[in-house]
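Going left to right, the sequence shown walks through residues 1 to 138 as full-length UniProt numbering numbers them. The C-beta atom is built at its ideal place from N, Cα and C for all residues, glycine as well. Computed from a prediction, not measured in an experiment: that's the story for all the values here.
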Amino acid sequence: MSDFQLDVKGPIGDCAVLVVAGEIDLDTAPRVRERLLDLADKGIRHVIADLTGVGFLDSTGLGVLVGGRKRMRTHDGSLTLVTGSERILRVLRVTGLVAVLPPRPTVLDAIGSDPHWRQAAERAAGTAEEWCARQGLR
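1) Do the CB positions of D50 and V107 come within less than 8 Å of each other?
2) What's the call for E23, buried or exposed, on a 16-neighbour Cβ count within 10 Å?
3) Suppose the cutoff is 6 Å on Cβ atoms and the five residues either side in sequence are ignored; what does the same chain contact list for L97 look like?
4) Would you report the Cα separation of R123 and A16, rounded to the nearest angstrom?
5) Between the region 83–90 and the region 63–72, do three or more beta carbon pairs fall short of 8 Å?
6) Starting from L26, trace the beta strand (DSSP E) both ways and give me its first and last residue.
7) How long is the line joining the alpha carbons of R104 and T83, rounded to whole angstroms?
8) Is DSSP giving I88 helix, strand or coil here?
9) Here's the rule: buried if 16 or more other CB atoms are within 10 angstroms of the residue's CB, otherwise exposed. What is R93?
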């Protein structure tokens, strides 16, 4: 079992990337929820949840992600998932959440798919690629 880690990249304007590593389960999901709530309380409305370092996601973790999406959307925001893990993708497919939280393969792709995010990254660093490079993201 890998150590659980949470890190925030940014924010830039009302956008931030939440980088999660380890397992999102009954024990760690409350920490993800609290971090999402904290970001929302600080005015962050558009979150990319980078789950590329997540090896396991249970129903509690799924609930936190769905709740985070709902909270962001009530403030005209968004929650975008990033994962390339077949295991995580399978969970999203089986539960039907790929329709609600369509995952992107990289943070850069997630930024490129959202005009609000793209504009924020371009204002901060000239290009989304440069912003991601400065943050150590792909």
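Taking the structure as given:
1) The residue you call residue 50 lines up with position 50 of the sequence shown. The residue you call residue 107 lines up with position 107 of the sequence shown. A contact, by the Cβ cut-off of 8 Å.
2) The residue you call residue 23 lines up with position 23 of the sequence shown. Residue burial annotation: E23 is buried, with at least 16 other C-beta atoms found within 10 angstroms of its C-beta.
3) Looking up residue 97 in the sequence shown gives position 97. The answer is none, since no qualifying residue turns up.
4) For the purposes of this step, residue 123 is taken as residue 123 along the sequence shown, with counting starting at 1. For the purposes of this step, residue 16 is taken as residue 16 along the sequence shown, with counting starting at 1. Rounded to the nearest angstrom, the two C-alpha atoms are 14 Å apart.
5) Between the region 83–90 and the region 63–72, the count of Cβ pairs shorter than 8 Å is below three; the stretches do not touch.
6) By 1-based counting over the sequence shown, the position of residue 26 is 26. No beta strand (DSSP E) holds L26; DSSP gives it neither H nor E.
7) Taking the sequence shown and counting its residues from 1, the one referred to as residue 104 is at position 104. Taking the sequence shown and counting its residues from 1, the one referred to as residue 83 is at position 83. Taking the straight line from one Cα to the other gives about 6 Å.
8) The residue labelled residue 88 in the question sits at position 88 within the sequence shown. I88 falls in the helix class under three-state DSSP.
9) Position 93 of the sequence shown, counted from the start, is the residue given in the question as residue 93. Under this definition R93 is an exposed residue.
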